[in-house]
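K.L.:
To start, I am sharing the structure in question, which I have written as structure tokens.
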Amino acid sequence: MRIGIVQGDITTRDVDAIVNAANSSLLGGGGVDGAIHRAAGPELLEACRELRRTTLPHGLPVGAAVATPGFRLPVKWVIHTVGPNRHAGQTDPELLSSCFRESLAVAREIGAKSVAFPAISAGIYGWDAQEVAEVAFDAVSAYADSPGGAPDLVEFVLFSESTTAVFRSVFGG
Ligand code: APR
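Here our numbering is used: the first residue of the sequence shown is 11, the next is one more, and so on.
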């Protein structure tokens with residue numbers, strides 16, 4: 011499994027799946043959630059509403075992950091996950107680690123061979139980029155060694171220069 015650290019806009023990445031830092035409602039928001047919904051088009055919100063009407067009537071729990079098609083995005087799938095919100099007292103790194111692990115497990119289920127992650131929880135949800143990078147590094151490294159096949163490529167796509175520098179220092183890139 012190759013790991014890439016990229017500065018840029020995750021909605022432009024040409025991979026099989028991008029991960030969305032969503033909220034439990036799955037009905038859109040700001041940040042990367044807003045950017046992904048804008049780029050994917052209204053069909054994405056409709057697919058999320060369908061999930062709420064069927065398999066996820068109470069929304070997506072923190073640390074869980076679910077896939078939808080990518081619609082107008084260049085990717086086949088969007089994997090939605092909900093990071094812990096530090097402002098709501100959700101400070102357990104295990105919740106954040108679960109976002110990376112569960113998203114990779116969904117990627118394996120759908121057969122995505124290349125997956126791009128944003129810095130989950132490092133924006134509106136108030137987590138420090140350094141801690142997010144360390145949790146991401148541990149979770150993805152552990153997953154790479156697990157049986158059942160990790161993706162060929164995992165990218166971290168960071169919006170700002172400072173977050174990119176933090177991820178590069180943690181991942182040794
Ligand atoms: N591409 C890549 N990264 C992005 C993009 C983008 N287009 N837009 C924002 N980011 C970065 C932010 O700079 C931050 O480093 O993604 C990281 C995560 O920030 P948020 O999108 O705010 O996500 P999060 O902190 O997990 O908060 C989730 O925000 O957008 C709402 O609906 C969402 O309620 C949820 C909350």
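Every residue, glycine too, gets a C-beta built ideally from N, C-alpha and C.
#1: Please list, following the chain, all residues that have a C-beta closer than 6 Å to any non-hydrogen atom of the ligand APR.
#2: By Cβ distance below 6 Å, which residues in the same chain neighbour ASN95 in space, the five residues on each side in sequence not counted?
#3: Check for me: the alpha helix (DSSP H) holding THR173 runs from which residue to which?
#4: Kindly indicate the opening and closing residues of the beta strand (DSSP E) around ALA27.
#5: Using beta-carbon positions only, say whether ALA77 and ILE89 come within less than 9 Å of one another.
#6: Is PRO52 helix, strand or coil when you go by DSSP?
#7: Using the C-alpha atoms, what's the distance from SER179 back to LEU105?
#8: According to DSSP, what are the bridge partners of SER124?
#9: Could you check what DSSP says for VAL85 in three-state terms: helix, strand or coil?
#10: State the start and end residues of the unbroken beta strand (DSSP E) segment that holds GLN17.
#11: Just to check my reading of the structure: ALA31 and GLY40 have Cβ atoms closer than 8 Å, yes? What is that Cβ distance to the nearest angstrom?
#12: Could you tell me if GLU165 is buried or exposed, where buried requires 16 or more neighbouring beta carbons within 10 angstroms of its beta carbon?
#13: Using DSSP with H/G/I as helix, E/B as strand and the rest coil, what is HIS90?
#14: Where DSSP assigns a beta bridge to ALA77, which residues make up the other side?
#15: Go through its chain and collect everything with a Cβ distance to ASP43's Cβ below 8 Å, but skip five positions before and after it.
P.N.:
Inspection of the coordinates gives the following:
#1: With 6 Å as the limit, the residues whose C-beta approaches any heavy atom of the ligand APR more closely are ASP19, ILE20, THR21, ALA31, ALA32, ASN33, GLY39, GLY40, GLY41, VAL42, ASP43, GLY44, ALA45, GLY93, PRO128, ALA129, ILE130, SER131, ALA132, GLY133, ILE134, TYR135, VAL167, PHE169, SER170 and THR173, in sequence along the chain.
#2: TYR135
#3: Here the alpha helix (DSSP H) through THR173 covers 171 to 181.
#4: 27 to 32
#5: In this structure, ILE89 lies closer than 9 Å to ALA77 by Cβ.
#6: helix
#7: Cα to Cα, the separation comes out at about 23 Å.
#8: When beta bridges are read from the DSSP output, SER124 appears opposite LEU163.
#9: coil
#10: 12 to 17
#11: Their Cβ separation, rounded to whole angstroms, is 10 Å, which puts ALA31 and GLY40 out of contact at 8 Å.
#12: buried
#13: strand
#14: As computed with DSSP, ALA77 is found in a beta bridge with ILE89.
#15: ASN30, ALA31, ALA32 and ASN33
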